[in-house]
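K.L.:
Sharing a structure here in structure tokens format.
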Amino acid sequence: MKYIAKSIAVLVLSFASISAFSEEKPMNMQQGKSADKGMMQMSDEMKDKQAQEKQQYILKINDLSDRIQDEKNPEKKQELMDEQLKLIKDHMEQKRQMKKQMMKKHHEKMKNKKDGMKM
């Protein structure tokens, strides 16, 4: 009997907590923007250029991978692996810089929006 009462109490409390959380509304990340607009608008030409650059990067990495697998000389193999690693690191740094630039623009935009509200 004691366990049944505890079990019922646990069930009642869990249902109460679930219903309390269901009343919270999800944040609207778009805030006034139409649904088809994102934070970053790119023209079709920019999208094509970015896709071509990514394709070139992938082809270079794959080519180096094939050459590494085919290479028999350990020194040459290590040289190719180092070249591939440098290419990957350069690509990662480029992506990091792009993200940093995008975040900077976003923060400036939010700061300007906040300053405009203070008036």
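The sequence shown runs -22 to -1, 1 to 97 under mature numbering (1 follows the signal peptide of the UniProt record, and there is no 0).
Just so it is clear, CB atoms sit at the ideal spot from N, CA and C, and this is done for glycine as well.
1) What does the Cβ neighbour count give for Leu58, buried or exposed, with the cut at 16 atoms within 10 Å?
2) Hey, out of Asp26, Ile39, Met24, Asp22, whose CA is closest to Glu61's CA?
3) To the nearest angstrom, how far is the alpha carbon of Glu86 from that of Met76?
4) Quick check on Met95: does DSSP put it in helix, strand or coil?
5) Go through its chain and collect everything with a Cβ distance to Ala13's Cβ below 7 angstroms, but skip five positions before and after it.
6) Would you mind giving the Cβ-Cβ distance between Ile46 and Lys55, rounded to the nearest angstrom? I have them listed as a contact below 8 angstroms.
7) Hey, quick one: how far does the alpha helix (DSSP H) through Ser43 stretch, first residue to last?
8) Look at the Cβ atom of His84, then the Cβ atom of Tyr35, and state whether they are nearer than 7 angstroms.
9) Would you kindly work out how many angstroms separate the C-alpha atoms of Met95 and Glu31, rounded to a whole number?
10) Does DSSP put Gln79 in a helix, a strand or coil?
P.N.:
According to the data block:
1) buried
2) Ile39
3) 15 angstroms
4) helix
5) In this prediction, Ala13 has a pLDDT of 42, which is less than 50 and means its spatial position is unreliable; what the coordinates show is noted afterwards. Correct list: empty, nothing qualifies.
6) 6 angstroms
7) 22 to 48
8) no
9) 40 angstroms
10) helix
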